Each structure stands twice: as structure tokens, then as C-alpha cells.
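Colleague: Okay, so the sequence shown: first residue is 0 according to numbering that gives the first Met the number 0, each after it adds one.
Input: one structure, supplied below.
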Amino acid sequence: MVLTIGVLGLQGDVREHLRALEAAGADALVVRRPAELEHLDGLVLPGGESTTIVKLARTFELLEPLRERIAGGLPVYGSCAGMILLADRVDSGGDAIEATFGGIDITVRRNAFGRQVDSFEEDVAIDGVDGAAVRAVFIRAPWVQQVGPRATALGTTRSGHVVAVRQGALLATSFHPEMTGDLRVHALFVEMARAARG
Ligand code: GLN
């Protein structure tokens, strides 16, 4: 059974996520309209600028439908800005954002690593991804400031910051696996969406 996974196409590495999802065995398509949310088995929220994505989602009348679908159990994977959008809370010490889509019981801090260095790479072991650690590319990335009881940390940097989390069928990483050609994070998400579909 081939799953249909959407990629929110408002901003960011849309094409790279489509390619990674197809390579992981899913049918992938760009989502820009509320009606396109209807028949999805899962959705990817690419990185970009989370404040801009929220504004565009409002303009495209996607904000409430997205919130409802996420709350209703749609499997979603958010990368970088996508992690911020999936967070229930944004740390007030980080850069503010008017709203998120919510879903994962975490507090994120926007541009958290960015204050030290704009971008860097590091190998991060991710629970649920077998084999070698994942080469994680961080670009003005958030970190998870606090993991609430409903969420689970899946990966931590050498500096001790949580950068991958899961809650039910929701997955989020601070980094950009679509940039490295390593399909394992996308494959993990496709398997999560398959399990959620039953
Ligand atoms: N700094 C961006 C934000 O806060 C995220 C960066 C990214 O997605 N690469 O929204």
C-alpha cells in the first residue's frame, strides 16, 4: 500500500522533501490549499522562516485546517522551522512568533544555535533510526528547550540540546535531513504514517 504524503509548499526545501519521500517509497505531492489536506496519509513541514510560514498559512486559509488535522491525528514531520510550527510552546527568551500549529508537547527556542553560529553539522544518533548516527545539518536552527511528558526526545547534540522529538505520529527535527541524501529520517516518518494508517 503506497502512502500519500504531502509537503507544505509555502516556503523552504519543498522539492528536496518530495524527492526524499518518493525515494522512501511514498507518493509525494505539494500542498497549498485546504482541500489538498483531505486525502493525505501524512504531511511534511519544511524549514524556512516559521514566522513567514504562519503568515502564509493564514493567507492561504490553511492555519485552522492544519491545526485541526494535526489535532485529529494526521502524521506530520516538521524539519527546523517545521519543528517550531509543531511545538505547543515557544520559549519567550527566543525570537517571538505570533502562533504555531501545535501538536507536540515541547517548548522550542527559535534561532537557538544561531546566536552562537549560523550553521553547522554534527553526527547525531536518533532513536528509531538504525545504523550510523545521522549527519545533521543545522541552519539557524531551534533547539528543544523543554520536553513535556507527552513527547519523547529522540536525539541530542554533543552540547546536550535535544534536536529530535516524537509524540505519537508527530516527528520533529531541528536539522534538515533532506539536504544530505540520507533517507532514514524520511523513511522513519513514512513508517510512522503507515503504522498510523493501520
Ligand atoms: N530560523 C528559522 C525560524 O526560526 C528556522 C530556520 C530553518 O528552518 N532553517 O523559523
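All C-beta atoms, glycine included, are put in the ideal place defined by N, C-alpha and C.
The structure presented is a predicted model; accordingly, all values stated were derived computationally and were not measured.
Determine the direct distance from the alpha carbon of Phe100 to that of Ala86, and round the result to whole angstroms.
Modeller: Using only the alpha carbons, I get a separation of about 7 Å.
Colleague: Is Ser91 near the ligand GLN, judged by its Cβ being under 7 Å from some heavy atom?
Modeller: Ser91 Cβ: outside cutoff for every heavy atom of the ligand GLN.
Colleague: Closest to Gly248 by C-alpha separation, out of Leu9, Arg14, Ile103, Ala186, would be which residue?
Modeller: There is no way to answer for residue 248, as the model of the chain reaches only from 0 to 197.
Colleague: Between Ala111 and Ala124, is the Cβ-Cβ spacing less than 8 Å?
Modeller: Contact flag unset, no.
Colleague: Would the stretch 173-184 and the stretch 71-80 be scored as touching if the rule is three or more Cβ pairs under 8 Å?
Modeller: Judged by Cβ distances under 8 Å, the stretch 173-184 makes contact with the stretch 71-80, as three or more pairs qualify.
Colleague: Judging by CA-CA distance, which residue of Glu97, Phe119, Thr51, Leu153 is the nearest neighbour of Phe137?
Modeller: Checking every option, the nearest Cα to that of Phe137 belongs to Phe119.
Colleague: Spatial neighbours of Glu48 within its chain, please: CB distance less than 8 Å, with the 5 preceding and 5 following residues excluded, ordered by chain position.
Modeller: Only Gln10, Ala80 meet the Cβ criterion.
Colleague: Sort out for me which residues DSSP pairs Leu42 with in a bridge.
Modeller: DSSP, once it has assigned bridges, lists Gly5, Val75 as partnering Leu42.
Colleague: Tell whether a beta-carbon distance below 8 Å holds between Leu73 and Gly41.
Modeller: Contact: yes.
Colleague: Would you please state the rounded distance, in angstroms, between the beta carbons of Leu193 and Leu2? I believe it to be under 8 Å.
Modeller: The identity of residue 193 in the sequence shown is Arg, whereas the question assumes Leu. At roughly 6 Å, the Cβ-Cβ gap stays under 8 Å, so Arg193 and Leu2 are in contact.
Colleague: Which value, in whole angstroms, describes the spacing of the CA atoms of Gly8 and Leu36?
Modeller: Distance between the alpha carbons of Gly8 and Leu36 is about 12 Å.
Colleague: To the nearest angstrom, how far is it from the Cα of Leu39 to the Cα of Leu187?
Modeller: Cα-Cα distance, rounded: 17 Å.
Colleague: Identify which residue in Val189, Ala195, Arg196 has its Cα closest to the Cα of Ala198.
Modeller: The structure shown does not extend to residue 198, since the chain is modelled only from 0 to 197, so the question has no answer here.
Colleague: Residues in the same chain with beta-carbon distance under 8 Å from Ala19, minus the five sequence neighbours each way, listed in chain order, please.
Modeller: Closer than 8 Å at Cβ, skipping near neighbours: Pro176, Glu177, Leu182, His185.
Colleague: Helix, strand or coil for Arg18, going by three-state DSSP, please let me know.
Modeller: If DSSP states are grouped into helix, strand and coil, Arg18 belongs with the helices.
Colleague: Once you ignore the five residues that flank Pro33 on each side, which residues in its own chain have a CB closer than 7 Å to its CB?
Modeller: The residues are Glu60, Leu61, Pro64.
Colleague: Should Thr156 be labelled buried (16 or more other beta-carbon atoms within 10 Å of its own) or exposed?
Modeller: So Thr156 counts as buried.
Colleague: Of all the options Thr58, Arg134, Asp122, Ile83, which has the alpha carbon lying nearest to the alpha carbon of Gln145?
Modeller: Residue Ile83 is the option with its Cα nearest to Gln145.
Colleague: Tell me whether Met191 is buried or exposed, calling it buried when 16 or more other Cβ atoms sit within 10 Å of its Cβ.
Modeller: It is buried - the Cβ of Met191 has at least 16 other Cβ atoms within 10 Å.
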